[in-house]
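Written out below as structure tokens is the structure these notes cover.
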Amino acid sequence: MKTKYLVTAAASALIAGSVATSAAAQDLTLCWAAWDPANALVELSRDFEAESGYTMAFEFVPWPNFADRMLNELNSGGQLCDLMIGDSQWIGGSAEAGHYIQLNDFFDAQGITMDDFIPATVTGYSEWPKGTPNYWALPAFGDVVGWTYRRDWFERPELQEEFQATYGRALDVPNTLEELRDIAEFFQGREIDGTTVYGAAIYTERGSEGITMGVTNALYNYGFEYGNPESPYDLDGFVNSEGAVAGLEFYRSLYECCTPPGSSNWYMSENIDAYRSGQVAMQMNFAFIWPGVNADPNVGGDRSGYFPNPAGPAGQFAQLGGQGISVVSYSDNVDAALEYIAWFAQPEVQSRWWEMGGYSALRAVVEDPGFASSQPYAQTFLDSKAIVKDFWAEPAYADLLLAMQDRVHNYVIAGSGTAQEALDGLVADWEEIFEDEGLR
Amino acid sequence: MPDSPSDRLATATPSGVARTIRGLSDRTIAWIFVAPTIFLLLAINIFPLIWTIRLSFTNYRVNRPNADVEWVGLQNYQRILNDPDVWATMQATAHFLIWTIVLQVLIGFALAWLINRKFKGNDLWTTIIVLPMMLSPAVVGNFWTFLYQPQIGLFNTVVGYLTGAAPDSFSMIGDVALAPWSIVIVDTWMWTPFVMLICLAGLRSIPDSIYEAAECDRASAWRQFWTITVPMVLPFLMLAVLFRGIENFKMFDLVVQLTGGGPGNTTTLTAIDLKREAFERWRTGYASAYAVILFVTVFGLASIYVKALNKVKER
Chain Y
0 MKTKYLVTAA ASALIAGSVA TSAAAQDLTL CWAAWDPANA LVELSRDFEA
50 ESGYTMAFEF VPWPNFADRM LNELNSGGQL CDLMIGDSQW IGGSAEAGHY
100 IQLNDFFDAQ GITMDDFIPA TVTGYSEWPK GTPNYWALPA FGDVVGWTYR
150 RDWFERPELQ EEFQATYGRA LDVPNTLEEL RDIAEFFQGR EIDGTTVYGA
200 AIYTERGSEG ITMGVTNALY NYGFEYGNPE SPYDLDGFVN SEGAVAGLEF
250 YRSLYECCTP PGSSNWYMSE NIDAYRSGQV AMQMNFAFIW PGVNADPNVG
300 GDRSGYFPNP AGPAGQFAQL GGQGISVVSY SDNVDAALEY IAWFAQPEVQ
350 SRWWEMGGYS ALRAVVEDPG FASSQPYAQT FLDSKAIVKD FWAEPAYADL
400 LLAMQDRVHN YVIAGSGTAQ EALDGLVADW EEIFEDEGLR
Chain S
0 MPDSPSDRLA TATPSGVART IRGLSDRTIA WIFVAPTIFL LLAINIFPLI
50 WTIRLSFTNY RVNRPNADVE WVGLQNYQRI LNDPDVWATM QATAHFLIWT
100 IVLQVLIGFA LAWLINRKFK GNDLWTTIIV LPMMLSPAVV GNFWTFLYQP
150 QIGLFNTVVG YLTGAAPDSF SMIGDVALAP WSIVIVDTWM WTPFVMLICL
200 AGLRSIPDSI YEAAECDRAS AWRQFWTITV PMVLPFLMLA VLFRGIENFK
250 MFDLVVQLTG GGPGNTTTLT AIDLKREAFE RWRTGYASAY AVILFVTVFG
300 LASIYVKALN KVKER
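Taken in sequence, the protein lines are chains Y and S.
In terms of numbering that gives the first Met the number 0, the first sequence opens at residue 0 and continues consecutively.
In terms of numbering that gives the first Met the number 0, the second sequence opens at residue 0 and continues consecutively.
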């Protein structure tokens, strides 16, 4: 009798367990970084929940730990995430290691075409190998590095007069990086409304990717190339070209002359804080912050303006940010995850995404005649998106990134050696990595 | 009539089980009790250690599950030992280790000596002093970044006030010369109370009669300190040094939060470097070799130190 009860209890537990499992299978977990756009996506996804009947769960990790945490999850074949909005540089490694599902067949079946998205975002977020029509993600958030400035300070007559007298031109949005440094220098240490302010907050962070995401905005515009366009892993003379050296020297000069004291380890959040607290006249940051700046009671509205990364002697480029949304191959809910992507790709959803503060990469949204005037920063976003370049997206991107963090931080912040030595060292590091990868 | 808990337990034990246990030797029963712990030890400590040693001779990368794993012999060890960057991190770790221990021992012992004297508010001061070590290292690292803030940071303001220098004229965590000291200061602030508590235990373990005998022999306070206090507290102090040494050799969270290992590599300690190799570069084989080298170093030094500690105790 006792045995009978035990068997019945065990069977009940088993059934209850399987019911619980199948109920859980209706849930979808989306993993991303913990930042403002993620909150907007939570709101947006409520519509998907209402339409589909699925329950969405979200796993957001702060940026400094995002790569560590999520790559750990993917590398261990974890099933935490069904959908991953992973960084653009992960695409090569995640495609080759089988972490992401290739989406070509799904796109074809759903009538989703990559021609409908901004080309730079398709290349940056979706393709692997680059330049081939193999898609592993749908462009989800089209970010780019740009600049925010205190328009109210720039427009003060006494400052305009003094700037004109000192530099021989109007105090206005800079067209070149040299002009940007002049403006930063002009504001550095200046008393404004009884407070000492500084020129610019730039990326200097050491631990994750900060200084690389910052310095590339100078390097690209002075002539840095990731490699020989004819032979991609031929680095010498491109990574450490004369122009690249000048670009690195420029970034250090900007750090030394015109940034707040103690800003030796600053990234997105520190720059936002410095700007919103009225410490700096300009800040370098990804465009995702612009909706927040615009709405800020202290510096928002007309008090702030936005401009794309200014040109250098070799052209005008900006560091690509942003991510695509992928389906994790280890997920038990692949069909539901694909359903989410199909829903997210719809023009009306993308349009709402933009309204809520998410940077849509859908051309139908950004090429709409009303887009440029829809927000004060919309035109700058469009201009910036037209000039993007991205870091390596190879499977060995983390090695490449850490080597660059190391070399650049040592030169720019620690002041060790020369720019030429730093970039020659970077070439040596990167060549070694590509040799290990069997690519050279 | 059973009345004690053990009697009640014996009575409640089913007779079949009791018979089975009665048939086992003491040695077998001991093994039954110890076996789960040994199993866990093998599974959690020994097996990973052996697996790490094995991986250290390969080029395995955990983020390349589809790639072939090749046996590379001692190549990883050679690369590590010939890498100037690794030696730079070792140097940074040695600087951090030596100075934190020296400062914590000196200040901790001095505080313990003061607290050991009976005065009003003694308990309150002890509680206040030990507060820092109750905080999370990540929290400490974070709020010290504010204290070190050149414009508004309390540390810079105080130093500026004492020296006459402008507070924003120096950056503790941004300057190559000052950054190594910035982490030493924070760790000393946080962990000196730990050393103090151990020293206090040592001081309170010295019987008053020894000092009374020394008084009778008309020994000066200075002589009492060097011939009674220091030798009797020394084993405690050495234990504190051992604990702090091991802890600081693997220091990670506080420094990452405070400086991120920068500027450049100035404060990149070995634990930070190892974590980057293992979980950012994903060079698992290489990182395993790095971990083995660190393990052997710490284990070797700790063994020598423990022998010295035992000799001091025997005196």
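The C-beta atom is built at its ideal place from N, Cα and C for all residues, glycine as well.
The model shown is predicted, which means the values in this text are computed figures rather than measured ones.
Residue i vs residue j beta-carbon contact at 8 angstroms
i              : j              : result
N409 (chain Y) : N264 (chain S) : yes
I97 (chain S)  : T191 (chain S) : no
T316 (chain S) : V68 (chain S)  : Residue 316 (chain S) cannot be examined here, being either before or after the span of chain S that is shown, 0 to 314.
L361 (chain Y) : Q374 (chain Y) : no
T258 (chain S) : A164 (chain S) : no
A217 (chain Y) : L176 (chain Y) : yes
T28 (chain Y)  : A49 (chain Y)  : no
G277 (chain Y) : V333 (chain Y) : no
W62 (chain Y)  : A32 (chain Y)  : yes
N62 (chain S)  : W281 (chain S) : yes
V236 (chain Y) : A313 (chain Y) : Correcting the residue identity first, residue 236 (chain Y) is Gly in this sequence and not Val. No; because the gap between Cβ atoms is not below 8 angstroms, this pair is not in contact.
L199 (chain S) : I114 (chain S) : yes
Proximity test, Cβ basis, 8 angstroms: residue i and chain S
i              : result
D235 (chain Y) : no
L443 (chain Y) : Nothing about residue 443 (chain Y) can be reported from this structure: the residues present for chain Y run from 0 to 439 only.
A96 (chain Y)  : yes
E393 (chain Y) : no
S415 (chain Y) : yes
A397 (chain Y) : yes
L70 (chain Y)  : yes
R205 (chain Y) : yes
A24 (chain Y)  : Note that A24 (chain Y) scores a pLDDT of 45, beneath 50, so its modelled location is shaky and nothing firm can be said.
L401 (chain Y) : yes
S17 (chain Y)  : Note on S17 (chain Y): pLDDT 41, under 50, position unreliable in the model; the coordinate value appears next. Not one chain S Cβ lies under 8 angstroms of S17 (chain Y).
S330 (chain Y) : no
Secondary structure of residue i, DSSP reduced to three states
i              : result
Y148 (chain Y) : strand
W31 (chain Y)  : strand
W221 (chain S) : helix
F186 (chain Y) : helix
N284 (chain Y) : strand
T12 (chain S)  : coil
W265 (chain Y) : coil
M132 (chain S) : helix
W127 (chain Y) : coil
I412 (chain Y) : coil
N227 (chain Y) : strand
C135 (chain Y) : According to the sequence shown, residue 135 (chain Y) is Trp rather than Cys. W135 (chain Y): coil per DSSP, three-state reduction.
F95 (chain S)  : helix
M55 (chain Y)  : strand
S87 (chain Y)  : helix
P234 (chain S) : helix
V305 (chain S) : helix
L273 (chain S) : helix
F442 (chain Y) : This structure gives no information on residue 442 (chain Y), because the portion of chain Y shown stretches from 0 to 439.
D207 (chain S) : helix
G120 (chain S) : coil
V327 (chain Y) : strand
V175 (chain S) : coil
S3 (chain S)   : coil
G70 (chain S)  : Contrary to the premise, residue 70 (chain S) reads as Trp rather than Gly in this sequence. Three-state DSSP puts W70 (chain S) in a strand.
Cross-strand partners of residue i (DSSP beta bridge)
i              : result
K388 (chain Y) : Y:Q318
F140 (chain Y) : Y:Q322
I191 (chain Y) : Y:T194
F116 (chain Y) : Y:L361
D301 (chain Y) : Looking at the DSSP assignment, D301 (chain Y) forms no beta bridge with any residue, so it has no partner.
L234 (chain Y) : According to DSSP, L234 (chain Y) bridges with nothing at all.
L82 (chain Y)  : Y:L29, Y:V326
A200 (chain Y) : Y:Q282
beta-carbon residue i near the ligand ZN non-hydrogen atom, thresh 7 angstroms
i              : result
Q322 (chain Y) : No copy of the ligand ZN appears in this structure; indeed no ligand is present at all.
Any C-beta of chain Y under 8 angstroms from that of residue i
i              : result
T162 (chain S) : no
F278 (chain S) : yes
T88 (chain S)  : no
T258 (chain S) : yes
T265 (chain S) : yes
G167 (chain S) : It should be pointed out that residue 167 (chain S) corresponds to Asp in this sequence rather than to Gly. It does: the Cβ of D167 (chain S) has a partner Cβ on chain Y nearer than 8 angstroms.
G261 (chain S) : yes
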